[in-house]
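> A single structure is presented below for examination.
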Amino acid sequence: MIQSMTGFGKHVVQLPNKKITVEIKSLNSKSIDLNARMPSSYREKELELRKLVANSLLRGKVDFNLYVELTGNETSTQVNEIAVKQYMDQLKNIASGDDLRLLEMALRFPDAMKTDKEDIDEEEYKAIKEALVGALKEINEFRSEEGSVLEKDFLARIASLKKLLEEVIAIDPDRQATIRERLEKAVQDIKADVDANRFEQELIYYLEKYDITEEKVRLANHLDYFSKTLRSDDSNGKKLGFISQEIGREINTIGSKANFAPMQQIVVQMKDELEKIKEQMLNVL
1 MIQSMTGFGK
11 HVVQLPNKKI
21 TVEIKSLNSK
31 SIDLNARMPS
41 SYREKELELR
51 KLVANSLLRG
61 KVDFNLYVEL
71 TGNETSTQVN
81 EIAVKQYMDQ
91 LKNIASGDDL
101 RLLEMALRFP
111 DAMKTDKEDI
121 DEEEYKAIKE
131 ALVGALKEIN
141 EFRSEEGSVL
151 EKDFLARIAS
161 LKKLLEEVIA
171 IDPDRQATIR
181 ERLEKAVQDI
191 KADVDANRFE
201 QELIYYLEKY
211 DITEEKVRLA
221 NHLDYFSKTL
231 RSDDSNGKKL
241 GFISQEIGRE
251 INTIGSKANF
261 APMQQIVVQM
271 KDELEKIKEQ
281 MLNVL
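Per the UniProt record's numbering: the sequence shown ends with 285, consecutive numbering throughout.
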């Protein structure tokens, strides 16, 4: 089953003093393009967390957000009292003002607040990974649901292309007869005496140049292969993209050889269906 590259996942883990939330959003991209946002105190674990995300999602433009909210009395940020008092004393020497106003000004200066960096303990990091795994599960389920919708659309369009191919096969004898009549009429119009055997040989040579038997067979095979790949266990958007290119090549060749208005009209419909497949293919994992 194919997967879409579009998805969203969110998971929350509650610790005694912290709430950990992981959100992951992905859009289509040719490769993995991962943007990670997390508190600076957790940056030491960023590479490992990025690897977990990349290994799970494989492709896409991914936004990975880690939020850690304190829910207890614990805090690692404190007022740097010594620095604040020094700032207030210096401000008093410069200008007069009440202590509350001076305190507000002093708190805006560098080093007014100090943070005691703490190592991430094992239980907390375990909770972060638990939240990440949960969010990845959700986004992959989202991707699978979107992929199911895409698969139904692809199958419908492949069925439409097969029906149009049947129409091409049905009118091909009329096309060849029309080309033959056109050539015979051209010879009659110039009122030239031609050798019947030589004319028949030239006619056969001309008709062979416009023969589309191989193109019809290859196009049918490509359509079947596309459907088979679509139903495989792995989602392989790149492979499906290559097959759709081959489908387009055969359709274009049929169009260039058609030399018959009814068939060219069918080819236009084929190109329209294939273009819609290619547009949707950009979002397949």
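Each residue gets a CB set at the ideal place from its N, CA and C atoms; glycine is no exception.
What ranges does the alpha helix (DSSP H) occupy inside the stretch 18 to 88, keeping only unbroken runs of at least 4 residues that lie completely in it?
Listed in chain order, the complete alpha helix (DSSP H) runs (minimum 4 residues) inside the stretch 18 to 88 are 46 to 57.
> Between the stretch 146 to 156 and the stretch 230 to 240, are three or more C-beta pairs nearer than 8 Å?
Yes, they touch.
> Taking 7 Å as the cut-off, decide whether the C-beta atoms of residue 87 and residue 21 are in contact.
Position 87 of the sequence shown holds residue 87. Position 21 of the sequence shown holds residue 21. Cβ atoms of residue 87 and residue 21: not closer than 7 Å.
> For residue 264, which option in 280, 137, 255 has the closest C-alpha, if you only look at C-alpha atoms?
The residue labelled residue 264 in the question sits at position 264 within the sequence shown. Nearest C-alpha to residue 264: 255.
> Return the first residue and the last residue of the beta strand (DSSP E) that residue 14 is part of.
Taking the first residue of the sequence shown as position 1, residue 14 is located at position 14. Unbroken beta strand (DSSP E) run through residue 14: 7 to 14.
> Do residue 3 and residue 134 have their C-beta atoms within less than 7 Å of each other?
Position 3 of the sequence shown, counted from the first residue, corresponds to residue 3. Position 134 of the sequence shown, counted from the first residue, corresponds to residue 134. Against a cut-off of 7 Å, the Cβ pair of residue 134 and residue 3 comes out as no contact.
> Once DSSP output is grouped into helix, strand and coil, what is the label at residue 96?
As a first step, residue 96 must be located in the sequence shown, where it is residue number 96. Coil.
> Could you check if residue 6 is buried or exposed, using at least 16 other CB atoms within 10 Å of its CB as the buried criterion?
As a working note, residue 6 is residue 6 in the sequence shown. Under this definition residue 6 is a buried residue.
> Find the nearest neighbour of residue 110 within the set 230, 130, 79, judged by alpha-carbon distance.
On the sequence shown, residue 110 is found 110 positions in, with the first residue counted as 1. Out of 230, 130, 79, 79 has the C-alpha closest to the C-alpha of residue 110.
> Who does residue 217 pair with in a DSSP beta bridge?
On the sequence shown, residue 217 is found 217 positions in, with the first residue counted as 1. Per DSSP, none; premise fails for residue 217.
> Tell me, to the nearest whole angstrom, how far the beta carbon of residue 267 is from that of residue 261; I am working on the premise that it is less than 8 Å.
Within the sequence shown, the letter at position 267 stands for residue 267. Within the sequence shown, the letter at position 261 stands for residue 261. Not a contact, Cβ separation roughly 10 Å.
> Distance, Cα to Cα, residue 251 vs residue 163?
As a first step, residue 251 is located in the sequence shown; it is residue number 251 there, counting from the start. As a first step, residue 163 is located in the sequence shown; it is residue number 163 there, counting from the start. Distance between the alpha carbons of residue 251 and residue 163: 14 Å.
> For residue 4, which residues does DSSP report across the bridge?
The residue given as residue 4 occupies position 4 in the sequence shown. 284.
> Looking only at C-alpha atoms, which of 64, 169, 49 sits nearest to residue 213?
As a first step, residue 213 must be located in the sequence shown, where it is residue number 213. That would be 169, whose Cα lies nearest to the Cα of residue 213.
> When you compare each of 71, 13, 107, 136 to residue 52 by their alpha carbons, which one comes out closest?
Counted from its first residue, the sequence shown places residue 52 at position 52. Among 71, 13, 107, 136, the Cα nearest to that of residue 52 is on 136.
> With a Cβ-Cβ cutoff of 7 Å, do residue 70 and residue 18 count as a contact?
Here the question's residue 70 lines up with position 70 in the sequence shown. Here the question's residue 18 lines up with position 18 in the sequence shown. Against a cut-off of 7 Å, the Cβ pair of residue 18 and residue 70 comes out as a contact.
> Can you give the beta carbon distance from residue 284 to residue 235, rounded, assuming they're within the 8 Å contact cut?
As a position in the sequence shown, residue 284 is number 284, starting the count at 1. As a position in the sequence shown, residue 235 is number 235, starting the count at 1. That pair is a contact at about 7 Å.
> Is the separation between the beta-carbon of residue 144 and that of residue 273 shorter than 7 Å?
Counting from one through the sequence shown, the residue named residue 144 turns up at place 144. Counting from one through the sequence shown, the residue named residue 273 turns up at place 273. Cβ distance not < 7 Å, so residue 144 and residue 273 don't count as in contact.
> Going straight from the alpha carbon of residue 208 to that of residue 178, what length do you get?
As a position in the sequence shown, residue 208 is number 208, starting the count at 1. As a position in the sequence shown, residue 178 is number 178, starting the count at 1. Each residue's Cα considered, the two are about 14 Å apart.
> In the DSSP assignment, find the unbroken alpha helix (DSSP H) run with residue 242 in it and report its ends.
Residue 242 sits at position 242 when you count from the first residue of the sequence shown. Start and end: 237 to 258.
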